[in-house]
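Counted from 1, the sequence shown has number 315 at position 31 by this note's numbering; the numbering is strictly sequential.
The structure appears below as structure tokens.
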Amino acid sequence: MVAVVVVVVIVVKVTEVVVVVVLVVVVTVVVVVFVVVVVVVVVVVAILVVVVIVVVEVVVVVVVVVVVVVVVVVVVIVVVVVVVV
């Protein structure tokens, strides 16, 4: 009878340890996956921000160049008209 009780207690304790180990492993895996997802999201957002900044800078440069060209053309036309007239 005592042997049966000892075996039952051992089985219960081993089961508790196994459950705790499984829970620790599951929680660790979930935390690692969460951290990896967060890191990937942060990296993707950072890349997108850099791309947006570069695109905005290129657009600004193109607009400035177009404005300068238009102003130069207008000034040349005005000078030609004034000289001809």
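Cβ atoms here follow ideal geometry from the backbone N, Cα and C, with glycine treated the same way.
In the structure shown, the three-state DSSP call for Val339 is helix. Here DSSP, grouped into helix, strand and coil, assigns Val286 to helix.
The three-state secondary structure of Val369, taken from DSSP, is coil.
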